[in-house]
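For our numbering, count along the sequence shown from 1 and bump the result up by 198.
Quick notes on the structure that follows.
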Amino acid sequence: MRIHFVVFCLCALLLSPLLGCGGGKVPQGPKLVPVEGTVTMDGKPLAEASVMFGTGSAFGETDANGRFELKAQGGKKGCPVGEFKVTVEKWVKADGSVYRSADGVSPMDAGAKQQIPARYSSPEKTELKATVKEGGNKFEFQLKSGA
Numbered sequence: 199m200r201i202h203f204v205v206f207c208l209c210a211l212l213l214s215p216l217l218g219c220g221g222g223k224v225p226q227g228p229k230l231v232p233v234e235g236t237v238t239m240d241g242k243p244l245a246e247a248s249v250m251f252g253t254g255s256a257f258g259e260t261d262a263n264g265r266f267e268l269k270a271q272g273g274k275k276g277c278p279v280g281e282f283k284v285t286v287e288k289w290v291k292a293d294g295s296v297y298r299s300a301d302g303v304s305p306m307d308a309g310a311k312q313q314i315p316a317r318y319s320s321p322e323k324t325e326l327k328a329t330v331k332e333g334g335n336k337f338e339f340q341l342k343s344g345a
């Protein structure tokens, strides 16, 4: 009788990993749609600026022609559908190089200064908005440096 109990316990122990957690799919997050655009400052392409839709929903960096393509968290291309406040930032260090968040130091601690007026760079003050819809989305943000 005792051997039957031991065999039962061993079988239960060996088979328990097969129970799993239901075999459901892992959630992939919101559906992402393509978003691209351009940013200009006083009519000229704004290079090496960060563009953010919402508070971390999607972000991108402008190239030499001011063009950007958004990526969501995790690096997947696109942005969720919805209405977003948009911020554009460009931090420059004292030596003239563009601050990169990958440096591991905050912009202020790195001695960097914001080159974009708060009406575009501050999440609280930004005048920029975008509505991302199903399908392709292309935006143009024309910034002005003056007051």
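We put the beta carbon where it would ideally sit given N, CA and C, even for glycine.
Computed from a predicted model, the values in this text were never measured in an experiment.
Could you give the residue range of the alpha helix (DSSP H) that holds SER319?
Start and end: 316 to 319.
For the beta strand (DSSP E) containing MET239, list its first residue and its last residue.
Under the DSSP assignment, MET239 falls in the beta strand (DSSP E) whose first and last residues are 233 to 239.
Given a cut-off of 8 Å, decide if LEU244 and GLY264 are closer than it, judged by their beta-carbon atoms.
With contacts defined as CB atoms closer than 8 Å, GLY264 and LEU244 qualify as a contacting pair.
Please identify the residue among GLU246, VAL231 and THR324 whose C-alpha is closest to the C-alpha of GLY280.
Answer by Cα proximity: VAL231.
Considering only the alpha carbon of each residue, which of THR236, GLY235, PHE337 and ALA270 lies closest to GLY227?
Considering only alpha carbons, the answer is ALA270.
Name the two residues that bound the continuous beta strand (DSSP E) containing LEU341.
Residues 335 to 341.
Could you give the DSSP three-state label for GLY272: helix, strand or coil?
In the structure shown, GLY272 falls within a helical segment according to DSSP collapsed to helix, strand and coil.
Answer yes or no: do GLU246 and LYS288 have a C-beta to C-beta separation smaller than 8 Å?
Contact flag set, yes.
Among VAL290, ALA256 and ASP261, which has the Cα closest to the Cα of THR236?
Closest in C-alpha terms to THR236, from the list VAL290, ALA256 and ASP261, comes ASP261.
Measuring CA to CA, which of PRO278, LYS229 and ALA310 is closest to ASP293?
Ranking PRO278, LYS229 and ALA310 by Cα distance to ASP293 puts ALA310 first.
Would you kindly report the start and end of the unbroken beta strand (DSSP E) that includes MET250?
Going by DSSP, MET250 is part of the beta strand (DSSP E) stretching over 248 to 251.
What does DSSP give as the partner residue(s) for LEU230 in the beta ladder?
Paired residue(s): PRO278.
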